[in-house]
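K.L.:
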Amino acid sequence: MSTRLVLDHVWDVDEVTGSALIDATGLSRATVHDVCDELIDQGWVVELESLRTGSDRSKGRPARRYAFDARAGVVVGVDAGQHRVSAVAADLRGATLARTELPVGPDDATPERRLALVEQAALVALDGAGTSPRQVLAVSVGVPAPVDREGRTSFQDNPFWALMNPDLATRLHDRHRWATLVDNDANLAAVAEQWRGHGRDVRSHVTLLAGERFGAGVVDDGRLLRGAHGGVGEMRYLDFVEGVGSATGVAALVRDDARAQLRRLDGRAGSSLQDVDPARLDAEQVFAAAAAADPLAVSVVEHAAALLARVVATFASIYDPQRVIVAGAVAASCEPLLELVRQELDRYVDPPGIEVLASALGGDVVTVGAVKRALDHVREHALDIAPATLRRQPEVPDWIPPGV
Numbered sequence: 084m085s086t087r088l089v090l091d092h093v094w095d096v097d098e099v100t101g102s103a104l105i106d107a108t109g110l111s112r113a114t115v116h117d118v119c120d121e122l123i124d125q126g127w128v129v130e131l132e133s134l135r136t137g138s139d140r141s142k143g144r145p146a147r148r149y150a151f152d153a154r155a156g157v158v159v160g161v162d163a164g165q166h167r168v169s170a171v172a173a174d175l176r177g178a179t180l181a182r183t184e185l186p187v188g189p190d191d192a193t194p195e196r197r198l199a200l201v202e203q204a205a206l207v208a209l210d211g212a213g214t215s216p217r218q219v220l221a222v223s224v225g226v227p228a229p230v231d232r233e234g235r236t237s238f239q240d241n242p243f244w245a246l247m248n249p250d251l252a253t254r255l256h257d258r259h260r261w262a263t264l265v266d267n268d269a270n271l272a273a274v275a276e277q278w279r280g281h282g283r284d285v286r287s288h289v290t291l292l293a294g295e296r297f298g299a300g301v302v303d304d305g306r307l308l309r310g311a312h313g314g315v316g317e318m319r320y321l322d323f324v325e326g327v328g329s330a331t332g333v334a335a336l337v338r339d340d341a342r343a344q345l346r347r348l349d350g351r352a353g354s355s356l357q358d359v360d361p362a363r364l365d366a367e368q369v370f371a372a373a374a375a376a377d378p379l380a381v382s383v384v385e386h387a388a389a390l391l392a393r394v395v396a397t398f399a400s401i402y403d404p405q406r407v408i409v410a411g412a413v414a415a416s417c418e419p420l421l422e423l424v425r426q427e428l429d430r431y432v433d434p435p436g437i438e439v440l441a442s443a444l445g446g447d448v449v450t451v452g453a454v455k456r457a458l459d460h461v462r463e464h465a466l467d468i469a470p471a472t473l474r475r476q477p478e479v480p481d482w483i484p485p486g487v
């Protein structure tokens with residue numbers, strides 16, 4: 084208990100003296116310094132050059148100063164999406180050391196290739212951070228599938244979900260002995276918002292990933308909700324919601340609707356979007372055109388806003404959040420859409436006034452949440468990890484997946 088008290092305090096400050104630790108923990112001077120020496124031996128803490136302070140400047144022993152070693156190990160956060168796999172290597176305070184991104188191609192639709200891409204992304208990020216795989220204290224992976232508390236996807240009626248999470252936790256642990264945590268990507272997005280985004284100052288919020296498909300992470304009274312099988316926030320129910328009809332996300336809805344309307348123009352003038360290659364048209368371009376009062380783009384955005392307002396209203400009815408945060412790559416450009424959603428929403432929600440905001444964390448929101456989840460795991464189990472012991476292990480050759 085003494086060691087935990089000291090480590091938790093040192094972890095959260097830049098540096099601290101022994102006297103400050105005594106005041107913060109209530110432990111005796113001897114106990115504080117004994118615990119700090121133990122934490123130094125384990126690799127969690129370093130002792131800084133001692134200074135004489137106050138009346139100690141002219142006499143007596145200088146104050147001992149300690150600091151948490153944020154490079155005692157590293158964590159890796161991975162966003163294993165349908166179309167890309169990105170990974171971030173971070174130190175033990177969450178500062179990004181390196182980042183990498185790999186595309187997911189048509190030939191990657193097998194469990195073996197999925198594992199290879201996730202593993203390769205992690206290894207490339209670690210290499211960019213100048214650190215060894217044996218320095219990894221935890222890896223967290225976000226997948227677009229429901230995930231239970233054991234990191235498994237137990238819904239057997241959906242082959243897409245099974246492909247997105249082919250028991251990644253077990254396979255990465257067996258390969259590298261990494262402590263591996265797998266979670267739903269929207270859950271990790273909610274963790275990110277609670278840590279560094281719009282969820283910091285509210286107790287209850289929903290983070291809505293709104294790219295190709297809708298997915299939601301739900302935080303109620305400061306706790307992430309999961310459900311018995313990890314199904315909280317899954318959006319299959321939208322198939323049965325009048326005026327919605329599917330879990331297709333905002334980015335896909337806006338893009339596909341704009342392309343369909345452009346085809347109906349059949350060469351007739353009517354939109355600035357006709358100058359864009361239809362194969363390259365995306366939601367961001369449609370939002371920009373709507374902001375410039377392009378009539379076709381305005382029509383598309385109005386239709387998407389009416390649909391999104393119904394989606395938000397269903398979550399408001401079920402979970403009663405203070406705030407709904409629209410997240411993912413689409414968040415950077417969707418403010419014109421959200422302005423319309425706010426106007427529509429009070430028609431469906433009682434009491435009115437629920438906040439709808441665009442995430443400021445961009446397309447990295449899932450990796451931010453994955454890093455936080457890995458950090459929480461390390462902190463919870465720190466006294467069982469002893470990073471200095473990991474440093475003394477013999478070097479194990481890195482396994483590079485074939486064909487990546």
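For our numbering, add 83 to where a residue sits in the sequence shown, where the first one is 1. All residues carry an ideal CB built from backbone N, CA and C; glycine is no exception.
Can you round the beta-carbon distance between A293 and V333 to whole angstroms, since I take them to be within the 8 Å contact cut?
P.N.:
Between V333 and A293 the Cβ distance is about 4 Å, and since that is below 8 Å, they are a contact.
K.L.:
Could you check the C-alpha separation between L209 and A181 for me, to the nearest Å?
P.N.:
So the two alpha carbons sit approximately 7 Å from each other.
K.L.:
Enumerate, from N- to C-terminal direction, the unbroken alpha helix (DSSP H) stretches of 4 or more residues contained entirely within the segment 400-459.
P.N.:
For the segment 400-459, whole alpha helix (DSSP H) runs of length 4 or above, ordered along the chain, are 418-428.
K.L.:
V327 to A388, Cα distance in whole Å?
P.N.:
Going from the Cα of V327 to the Cα of A388 covers about 11 Å.
K.L.:
Under a Cβ-count criterion, where at least 16 other Cβ atoms within 10 Å of its own Cβ denotes burial, should F48 be classed as buried or exposed?
P.N.:
It is not possible to answer for residue 48, since the shown part of the chain is limited to 84 through 487.
K.L.:
For A410, I'd like the list of residues in its chain whose CB is within less than 6 Å of its CB, leaving aside the five on either flank, ordered along the chain.
P.N.:
Contacts found: A272, T290, L292, S442 and V448.
K.L.:
On the CB-based measure, 16 or more other CB atoms within 10 Å of its CB, does S169 come out buried or exposed?
P.N.:
Buried, because 16 or more other Cβ atoms sit within 10 Å of the Cβ of S169.
K.L.:
Starting from the Cα of H460, find the closest Cα among L110, T100, D340 and V159 and give me that residue.
P.N.:
Looking at the Cα atoms, V159 is the closest of the given residues.
K.L.:
May I have the straight-line CA-CA distance separating P435 from V115, to the nearest angstrom?
P.N.:
Going from the Cα of P435 to the Cα of V115 covers about 52 Å.
K.L.:
For Q218, tell me which candidate among D339, A205 and G445 has the shortest Cα-Cα distance.
P.N.:
Looking at the Cα atoms, A205 is the closest of the given residues.
K.L.:
Which residue comes first and which comes last in the alpha helix (DSSP H) that contains F370?
P.N.:
Residues A366 to A374.
K.L.:
With a Cβ-Cβ cutoff of 9 Å, do L444 and R279 count as a contact?
P.N.:
It is a contact, given that the beta carbons lie within the stated cut-off.
K.L.:
With a 10 Å radius around its C-beta and 16 neighbouring C-beta atoms as the bar for buried, classify Y149 as buried or exposed.
P.N.:
With 16 or more other Cβ atoms within 10 Å, it is buried.
K.L.:
Taking the alpha helix (DSSP H) that F243 falls in, what are its first and last residues?
P.N.:
Counting along the chain, the alpha helix (DSSP H) containing F243 begins and ends at P242 to M247.
K.L.:
Give me, in chain order, the residues of the same chain whose beta-carbon lies closer than 6 Å to that of A372; leave out the 5 immediate sequence neighbours on both sides.
P.N.:
Cβ within range, chain order: S355, L356 and A380.
K.L.:
List the endpoints of the continuous beta strand (DSSP E) containing D358.
P.N.:
Premise fails: D358 is in no beta strand (DSSP E) and is neither H nor E.
K.L.:
Quick one, which of A399, V99 and A172 has its alpha-carbon nearest E132's?
P.N.:
Ranking A399, V99 and A172 by Cα distance to E132 puts V99 first.
K.L.:
Any idea if I401 is buried or exposed, counting beta-carbon neighbours within 10 angstroms, 16 or more meaning buried?
P.N.:
Its Cβ having fewer than 16 others within 10 Å, I401 is exposed.
K.L.:
L345 to A376, Cα distance in whole Å?
P.N.:
Whole-angstrom Cα-Cα distance: 16 Å.
K.L.:
How far does the beta strand (DSSP E) with G298 in it extend, from its first residue to its last?
P.N.:
Unbroken beta strand (DSSP E) run through G298: F297 to D303.
K.L.:
Got a sec? Which residues, its chain only, sit under 7 Å from V315 by beta carbon, not counting five neighbours each side?
P.N.:
Hits under 7 Å: V301, L308 and R309.
K.L.:
Following the continuous alpha helix (DSSP H) through P194, name the residue where it begins and the one where it ends.
P.N.:
Run containing P194: P194 to G211, per the alpha helix (DSSP H) assignment.
K.L.:
Can you tell me whether E233 is buried or exposed? The criterion is at least 16 other CB atoms within 10 Å of its CB, across all chains shown.
P.N.:
Label assigned to E233: exposed.
K.L.:
Can you say whether Q426 is buried or exposed, counting buried as having 16 or more other CB atoms within 10 angstroms of its CB?
P.N.:
When all chains shown are included, Q426 counts as exposed.
K.L.:
Report the three-state DSSP secondary structure of F238 (helix, strand or coil).
P.N.:
Coil at F238, not helix or strand.
K.L.:
Roughly how many angstroms separate the alpha carbons of R154 and G211, rounded to a whole number?
P.N.:
So the alpha carbons of these two residues sit roughly 15 Å apart.
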